[in-house]
Amino acid sequence: MLKKFWKCAAMAVATTASIAAGPVTAETGIDLDNKVVTIGAFTPVTGPVPFYAVLTHAAEAYFKRLNESAEVDGWTFNYVTKDDGYDPARSVAVARSLVEDDGIFALSAPIGTATNVAVLPYAKEAGVPIIGPVGGSSQFFEVPAVFPLLPDYGWSAASAAEYAANGLGHTKIALLWENDELGKSAKRGFDLVMGDLGLEPAESIAFDVKTTSFSAHIRRIQNSDAETVLLYGSNANLAAALKAADLQGADVAWFAPFFTADPSTLKLAGDLLEGVYFSSWLLPVSSEEPEVKAYRDAIAEHFPNDPIGVLGLNGWSNAALFHKGFELLLASEDEITRDNLVKAMNTMTDAAVGGARGVTFSAEDHRGTRQEGIIQYKDGDFVLVRDFQPYPDIAFNAADTGE
10 MLKKFWKCAA
20 MAVATTASIA
30 AGPVTAETGI
40 DLDNKVVTIG
50 AFTPVTGPVP
60 FYAVLTHAAE
70 AYFKRLNESA
80 EVDGWTFNYV
90 TKDDGYDPAR
100 SVAVARSLVE
110 DDGIFALSAP
120 IGTATNVAVL
130 PYAKEAGVPI
140 IGPVGGSSQF
150 FEVPAVFPLL
160 PDYGWSAASA
170 AEYAANGLGH
180 TKIALLWEND
190 ELGKSAKRGF
200 DLVMGDLGLE
210 PAESIAFDVK
220 TTSFSAHIRR
230 IQNSDAETVL
240 LYGSNANLAA
250 ALKAADLQGA
260 DVAWFAPFFT
270 ADPSTLKLAG
280 DLLEGVYFSS
290 WLLPVSSEEP
300 EVKAYRDAIA
310 EHFPNDPIGV
320 LGLNGWSNAA
330 LFHKGFELLL
340 ASEDEITRDN
350 LVKAMNTMTD
360 AAVGGARGVT
370 FSAEDHRGTR
380 QEGIIQYKDG
390 DFVLVRDFQP
400 YPDIAFNAAD
410 TGE
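Throughout, the working numbering is defined as the position within the sequence shown, counted from one, plus 9.
Right under this line is the structure:
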């Protein structure tokens with residue numbers, strides 16, 4: 010079992026009894042006569058990351074499949090999405106419009122870390138749950154009505170380092186980390202697990218997200234005699250680092266975060282991706298598990314021009330989280346309200362949710378995923394080489410998070 014993570018966050022979740030300032034009626038986003046629930050999301054159709062649309066397409070495909078099957082006791086899911094341009098200020102305005110104009114019951118799979126963080130105060134004020142925010146921030150674990158699937162990257166980096174040490178038998182492990190919240194989170198987990206393993210980092214090197222040349226970084230890696238390198242940054246950063254390592258003849262094992270286990274990374278890195286490991290809370294996209302196969306089939310039917318990859322499976326899985334929570338609410342036979350949705354979500358235990366496994370929530374702990382597998386790119390495919398295991402037994406607290 011994990012020790013206490015984010016003690017102050019757990020206390021915040023445990024001591025807040027209600028998510029709304031006032032009473033919430035069952036009619037908010039709920040059409041009982043016709044069995045329709047209206048939910049929504051903000052998404053970047055325009056702006057700097059329009060390719061994130063594949064995340065929302067996958068969520069839309071999930072709800073289309075549910076509506077076609079009528080498997081949730083005949084309920085229909087009306088999924089309303091609006092463009093926010095990946096601009097946090099616009100995200101707040103869009104969230105307000107979804108709530109006040111479209112009358113959504115909850116936000117489901119809204120896109121972006123910074124955008125979801127910006128919306129948190131309004132969502133709390135309006136009493137609107139956020140189910141499956143597609144982003145990674147420790148702030149999501151602190152709000153009683155927010156239920157994230159994505160883990161903090163510190164846990165992911167800790168899982169990767171532990172596998173490098175105990176699975177590969179490596180003792181000289183280095184970290185390349187993006188100098189922002191993603192990389193800083195990874196560094197926190199990496200430092201803690203290395204301490205627990207009784208190891209000193211071979212190297213720990215920060216880089217800017219816009220870095221395109223890793224020649225100097227790789228020279229330092231070479232001089233450290235590192236056997237394994239964890240890189241926590243974008244798929245472009247990973248590809249650039251692999252190219253620099255290839256030019257310098259660096260013979261090391263590489264680890265990267267889950268979202269880089271994607272065809273988009275293969276396009277950038279080519280054959281250099283062979284053998285790279287990824288610590289992932291998601292199953293490989295090639296998995297024959299029914300939920301993952303359903304993702305591939307639904308995208309092929311509804312969005313045939315979209316790539317089949319981890320980005321899409323991420324969106325699909327976060328949409329699945331609302332479905333699972335709504336089923337728990339119906340099974341409880343409580344009145345269909347937002348407060349009762351939160352109550353039902355807090356009973357989810359060891360659930361299979363899209364490509365995620367072991368998803369669990371409680372009123373005291375809003376970490377959705379409690380375990381990760383290790384994926385490797387081998388012979389033209391992303392395959393699971395170590396099954397899902399609990400995160401390393403390391404303790405985060407407020408000081409570790411910098412809060």
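For each residue, glycine too, the CB sits at the ideal point set by N, CA and C.
In this text, all values refer to a predicted model and were calculated from it rather than measured experimentally.
6 Å Cβ shell around residue i - same chain, five flanking residues per side excluded
i	result
S371	N355
A248	L277 and A278
E412	No answer about E412 holds up, because its pLDDT of 31 lies below 50 and its placement is not dependable.
T34	Interpretation of T34 is limited by its pLDDT of 42, a score under 50 that renders its predicted location unreliable; the figure taken from the coordinates is listed afterwards. No residues qualify anywhere along the chain.
S194	D161, Y162 and G163
K73	H311
T90	A50, T52 and T65
Cβ-heavy atom distance, residue i to the ligand MN, below 8 Å
i	result
D110	The ligand MN is not part of the structure shown, which contains no ligands of any sort.
Same chain, Cβ closer than 7 Å to residue i, neighbours up to 5 away in sequence not counted
i	result
V319	F267, F268, A270, D271, L291 and V294
A365	L158, W290, L291, S326 and T378
T25	Any reading at T25 needs caution, since the residue's pLDDT is 39, under 50, leaving its predicted position unreliable; the model's value is listed next. If we look at T25 and ignore the five residues flanking it on each side, its Cβ neighbours are P153.
E336	V81
CB of residue i within 9 Å of CB of residue j, strictly
i	j	result
F149	R347	no
G242	Q385	no
A118	A328	yes
A162	L191	It is Tyr, not Ala, that sits at residue 162 in the sequence shown. A contact, by the Cβ cut-off of 9 Å.
E381	F397	yes
A211	I182	yes
I140	L129	no
T180	L201	no
V418	D92	Not covered by the structure: residue 418. The range shown for the chain is 10 to 412.
L240	N232	no
G363	L322	yes
S106	V126	no
V218	N188	yes
Among the options, the one whose alpha carbon lies nearest that of residue i
i	options	result
L185	G389, A254, D96 and G176	A254
T85	N43, G121 and L247	N43
G389	F335, Y304, L330 and T274	T274
V46	P53, Y88 and H66	Y88
V394	L64, G176 and D280	G176
D402	A104, S165 and F72	S165
A68	P299, I120, L251 and E209	I120
D315	A62, F51, G38 and T55	A62
E300	T37, G49 and L75	L75
K196	A167, V218 and A360	A167
K387	L338, F287, Y400 and G94	F287
T369	D343, L338 and G334	G334
E236	I230, A360, V261 and S222	V261
A169	Y304, W263 and P53	W263
A361	N349, H332, G178 and I317	H332
Y95	D217, T122, R105 and D110	T122
R228	E344, D343 and K252	K252
I48	R99, V137 and Y131	V137
Residues bridged to residue i [DSSP beta-bridge criterion]
i	result
D390	K387
L184	S213 and L239
A361	The partner list for A361 (beta bridge, DSSP) is empty, contrary to what the question assumes.
R379	Beta-bridge pairing links R379 to no other residue.
V46	I39 and F86
S371	D374
Residues of its chain near residue i, where Cβ-Cβ distance is below 8 Å and the 5 sequence neighbours each way are ignored
i	result
E310	A70
I383	S168, A169, Y172, G176, Y286, F287, S288, S289, L393, V394 and R395
task: Counting only runs of 3+ residues fully inside the region 53-127, write out the beta strand (DSSP E) ranges in chain order.
output: 85-92 and 115-117
Within the region 240-268, ranges of the beta strand (DSSP E) (whole runs, at least 3 residues) | Secondary structure in the region 240-268: the beta strand (DSSP E) runs of 3 residues or longer, each lying completely within the stretch, are 262-266 in chain order.
| Can you give, in chain order, each stretch of the beta strand (DSSP E) that sits fully within the region 265-336 and has at least 3 residues? | 286-289
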